[in-house]
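Residue numbers for the sequence shown follow our numbering, beginning at 12 and rising by one. Where a beta carbon is used, it is the ideal one built from N, C-alpha and C, also for glycine. The structure displayed is predicted, hence computed values, not measured ones.
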Amino acid sequence: FMKGERLTEKYRDIGVSWWDYCGPILINSYPTYFEQLPPLITKINKEKRTSKNYVLFLGANNTESTQQPCLSLIQFQIENDKLILSAYQRSSDANLGLPSDIYHLYLISKQINMSLKSIHLFLGNVHIYENNIDQTIKLLNGEAVKFTLNIN
């Protein structure tokens, strides 16, 4: 995912079935993630500009899919030689997707050649899918659980 692979069958080939429910949506909804991010990271590392470092992710306009990227904007600010990463996410699956998204933001921050000061995440629609409510209650009660990844 972090390398920008868009074909769900490539994930299945290595035993990752997380994106199976998307079918071609993964291809259509995330066309700009990995085209915009690497050049911006290179530019930040080279120029060390304190502001105006951001990436806006938009879904393809000509797609049959109505799903748009959940993570819409990442901004990189530099303050006293430390990185502040801010992101806006229009939609977030609180118990499954959100922890993964936070980890991905952390991994992205590691591509910048400076210490991470903080990650700020602004969330629009935060939800728990119905088929994961029982597991979420168990998780909140301190029990170890395995979540179902099929999303209804």
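Counting C-beta pairs closer than 8 Å gives three or more between the stretch 127-134 and the stretch 89-108, which meets the contact rule.
For residue 88, the three-state secondary structure derived from DSSP is strand. Contact between residue 103 and residue 142 does not hold, since the beta-carbon distance rounds to 17 Å and is not under 8 Å.
Assigned with DSSP and collapsed to three states, residue 106 falls in coil, not helix or strand. Under the three-state reduction of DSSP, residue 69 is assigned to coil, being neither helix nor strand. For residue 127, the enclosing beta strand (DSSP E) has its first and last residue at 126-138.
Rounded to the nearest angstrom, the gap between the Cα atoms of residue 48 and residue 87 is 11 Å. The beta carbon of residue 56 is closer than 6 Å to those of 124 in its chain, skipping five residues each way along the sequence. Residue 61 is positioned such that its CB atom lies no closer than 9 Å to that of residue 25.
Counting along the chain, the unbroken alpha helix (DSSP H) around residue 19 starts and ends at 19-24.
With a threshold of 16 other beta carbon atoms within 10 Å, residue 19 meets it and is buried. Residue 100 is bridged by DSSP to 82, 134. Residue burial annotation: residue 107 is buried, with at least 16 other C-beta atoms found within 10 angstroms of its C-beta.
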